[in-house]
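Q: Can you read through this structure? Questions will come right after.
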Amino acid sequence: MRIHHPRRVAAVAAATAAVAALAVTVPVAANGTTTDNTNAARHAIVGGKARNVILLIGDGMGDSEITIARNYQVGAAGRLAMDTLPLTGEYTTYALNQETGKPDYVTDSAASGTGWATGTKTYNGAISVDLRGKPKATILELAKKAGYRTGNVTTAEVQDATPAVLESHVVSRDCKGPVATTAKCAVNAKENGGAGSISEQEVAARADVLLGGGAAYFGETITAGRFAGRTVLESAKRSGYQTAGTAAELARISPHSKDPVLGTFAPNNMDLEWTGPTPTKTGTAATTCQVNTARTASQPHLSTMASKALQILDTRSKHAKKGFFLQIEGASIDKQDHAANPCGQIGETVEFDRSVQLALAYQAKHRDTLVVVTADHGHTSQIVEGPTEGVTATLTTHDGAPMTISYATAPITGSQQHTGTEVRIAAKGPQAANVLGITNQTDLNTTMRRALGIR
Ligand SMILES: [Zn+2]
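All letters in the sequence shown, in the order written, are residues -23 to -1, 1 to 432 by mature numbering (1 follows the signal peptide of the UniProt record, and there is no 0).
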């Protein structure tokens, strides 16, 4: 006799409904419910080269941050788009101590980014330089050199660590514009014969698409060289860039033009998607998140920028021998985790997940695309039973159940800490099997280079 367990049936139905709502192409079986997944897994293992690589980085998006967003948005038995990639592993993220060369177990986004972008472990704060400050070639630079189209998209300042590691090399992540570079990265400063600030190097790198915040640094004045006395933005315009400062301007940029696109939509980081309760020592009443009505309407969402970047790169590479490399970062998952803002963090994760959905939809039509979804390090937020030694807030999830989230690595007025945990790495497409098991963050660099056939 067959026994139907009502709760399990309901859970499976809920998972199916959530996946259907997201319109992803992966069979529900890939989520491991009741069917034998052996064949689906076998089919997901594809060797050979990829025409395109789309790398999606959820900054600070550890397993805990993913679980929090999933519970809230689609329920405990639901699946986010990022949960549907067929091959999943975990990778280690540690940095190195600059003096001793020993592991520094908790990485920042700079050392972490240098790891996946260049394949070299380095110290916290380093932007694609090794322990001695020597520049290391990045996956974006190598891809561009090999004839691929390239793109770099973030919700942070485009000079922030994750986008910066792809297109610049400085000894400190603080050297975003010429002013800070003179003060903190003398060896990189233009007036000392260096390549200049992160902003200047990004302009020189000429990726097809660079989108995010950080307009403030492009207003700073260049200290030496061909564009001395001009702002970084003027130097970009004079060297052939198309620029956009609003979502409307971005929409008007033709994907057919060959000129590089620089879109900066906020002076610093872009506005948040959601708002919600501030955690307290004694917790909060259960509540829900709200759309951030204070968000600047002219700013594009991450998924809007991701969609435009994909359109431009796809169009430009359509009749070419080589495809493209595109990085898309959900940056403020990390920043709102630092700020102990649960709804801020979840809203950014959900918007990041929409970008994952776009990448998977593209991959469904272009099977020779490798999609990788991962994080750069873990973070503070934890799902807990009730009030902790830190601060907590309670949210009512998609399940209609309370979920208490704790931040306990800094006072509410301070900045919550990164953690040294390994984080999820999931992939689909050629070379995806190389994320399986436990790998090192630097291995992702090898996987992407192998996929694109570049050394
Ligand atoms: Zn951080």
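C-beta atoms are modelled at their ideal positions from N, C-alpha and C, and glycine is treated no differently.
Given the structure, does aspartate 291 come close to ligand 1, in the sense that its CB is under 7 Å from one of the ligand's heavy atoms?
A: No, Cβ of aspartate 291 sits at least 7 Å from all heavy atoms of ligand 1.
Q: Between the segment 287 to 295 and the segment 19 to 27, do three or more beta carbon pairs fall short of 8 Å?
A: Counting Cβ pairs under 8 Å, fewer than three are found: no touch.
Q: Taking only heavy atoms of ligand 1 into account, decide whether any of them is closer than 7 Å to the Cβ of glycine 189.
A: Glycine 189: no, Cβ never under 7 Å from ligand 1.
Q: Alpha carbon to alpha carbon, how far is valine 180 from alanine 213? Give it in angstroms, no decimals.
A: Near 6 Å, if we compare the C-alpha coordinates of valine 180 and alanine 213.
Q: Could you tell me if the beta carbon of serine 41 falls within a distance shorter than 7 Å of some heavy atom in ligand 1?
A: The answer is no for serine 41.
Q: Kindly indicate which three-state DSSP category lysine 405 falls into: helix, strand or coil?
A: Strand.
Q: Buried or exposed: tyrosine 384, going by 16 or more other Cβ atoms within 10 Å of its Cβ?
A: Flag for tyrosine 384 reads buried.
Q: To which residues of the same chain is alanine 163 closer than 7 Å at the C-beta, ignoring the five residues directly before and after it?
A: Here the set comprises Asn169.
Q: When you compare only the Cα positions, how much space is there between alanine 166 and cysteine 152?
A: Using only the alpha carbons, I get a separation of about 9 Å.
Q: Is aspartate 151 near ligand 1 - that is, is its Cβ less than 7 Å away from at least one heavy atom of it?
A: Outside the cutoff, so no.
Q: Please name the residue in Thr131, Gly92 and Lys122 whose C-alpha comes closest to that of lysine 113.
A: When only C-alpha atoms are compared, the closest one is Gly92.
Q: Is it the case that the CB of serine 86 approaches a heavy atom of ligand 1 more closely than 7 Å?
A: Because some heavy atom of ligand 1 lies under 7 Å away, the Cβ of serine 86 counts as near it: yes.
Q: Whose CA, out of Val30, Val23, Asp137 and Gly25, lies closest to the CA of alanine 336?
A: Minimum Cα distance to alanine 336 is reached at Val30.
Q: Quick check on the DSSP output: what are the complete beta strand (DSSP E) runs of length 3 or more inside the segment 21 to 85, in order along the chain?
A: The segment 21 to 85 contains these whole beta strand (DSSP E) runs: 29 to 35 and 64 to 69.
Q: Which term fits valine 400, buried or exposed, when burial requires 16 or more other beta carbons within 10 angstroms of its beta carbon?
A: It is buried - the Cβ of valine 400 has at least 16 other Cβ atoms within 10 Å.
Q: Just the C-alpha distance for histidine 233 and lysine 295, rounded to the nearest angstrom, thanks.
A: Taking the straight line from one Cα to the other gives about 10 Å.
Q: Could you pull out every residue in the same chain whose Cβ sits closer than 6 Å to the Cβ of threonine 2, ignoring the five residues on either side in sequence?
A: Any answer about threonine 2 is weak, because its pLDDT of 39 lies below 50 and its placement is not dependable; what the coordinates show is given next. Contacts found: Ala341.
Q: So, helix, strand or coil for glycine 280, using DSSP?
A: According to the sequence as given, residue 280 is serine; it is not glycine. Here serine 280 sits in helix by DSSP.
Q: Is valine 20 a contact residue of ligand 1, with contact defined as CB to any heavy atom under 7 Å?
A: Before going on, a small fix: residue 20 reads as histidine here, not valine. It does not: the Cβ of histidine 20 is nowhere closer than 7 Å to a heavy atom of ligand 1.
Q: Return the CA-CA distance between leucine 187 and alanine 54, expressed in angstroms with no decimal places.
A: For leucine 187 and alanine 54, the distance between alpha carbons rounds to 36 Å.
Q: Using alpha carbons as the reference points, say which of Arg344, Glu226, Pro319 and Ile199 lies closest to threonine 241.
A: It is Glu226 whose Cα lies nearest to the Cα of threonine 241.
Q: So, is threonine 371 buried or exposed, given that buried needs 16 or more other C-beta atoms within 10 angstroms?
A: Buried, by the Cβ-count rule.
Q: Mind checking whether glutamine 276 and glycine 253 have CB atoms under 8 Å apart?
A: The answer is no: Cβ separation not under 8 Å.
Q: Quick test of the definition: if touching needs 3 or more C-beta pairs under 8 Å, does the segment 69 to 82 touch the segment 118 to 135?
A: No contact exists between the segment 69 to 82 and the segment 118 to 135.
Q: Per DSSP, what kind of secondary structure is threonine 423 in: helix, strand or coil?
A: DSSP places threonine 423 in helix when its eight states are reduced to three.
Q: Does DSSP classify valine 400 as helix, strand or coil?
A: Strand at valine 400.
Q: Using CA coordinates, which residue listed in Arg183, His278, Lys235 and Arg203 is at the minimum distance from threonine 223?
A: Of Arg183, His278, Lys235 and Arg203, the residue nearest in Cα terms is His278.
Q: So, at 7 Å on beta carbons, what are the nonlocal neighbours of threonine 365 in its own chain, with the 5 sequence-adjacent residues on each side left out?
A: The answer, listed in chain order, is Ser383 and Ala385.
Q: In three-state terms, what does DSSP make of residue 436?
A: Residue coverage of the chain in this structure runs from -23 to 432, which leaves residue 436 outside it and unanswerable.
Q: Return the first residue and the last residue of the alpha helix (DSSP H) that leucine 239 is part of.
A: No alpha helix (DSSP H) holds leucine 239; the beta strand (DSSP E) holding it covers 238 to 241.
Q: For residue 433, which of helix, strand or coil comes out of DSSP?
A: The requested residue 433 is not part of the displayed model; the chain covers only -23 to 432.
Q: If distances are taken between C-alpha atoms only, which option among Asp248, Pro63 and Gly110 comes closest to alanine 133?
A: It is Asp248.
Q: Is the segment 56 to 65 touching the segment 135 to 143 in the sense that three or more CB pairs, one from each, lie closer than 8 Å?
A: Judged by Cβ distances under 8 Å, the segment 135 to 143 makes no contact with the segment 56 to 65, as fewer than three pairs qualify.
Q: Taking isoleucine 323 as part of the alpha helix (DSSP H), name the residues at either end of that continuous run.
A: 319 to 342 is the span of the alpha helix (DSSP H), which, as asked, contains isoleucine 323.
Q: Could you tell me the distance, in whole angstroms, from the CA atom of alanine 6 to the CA atom of asparagine 14?
A: Only weak support exists for where alanine 6 lies, its pLDDT of 41 falling under 50; the coordinates are left without a value.
Q: Any idea if aspartate 236 is buried or exposed, counting beta-carbon neighbours within 10 angstroms, 16 or more meaning buried?
A: Exposed, because fewer than 16 other Cβ atoms sit within 10 Å of the Cβ of aspartate 236.
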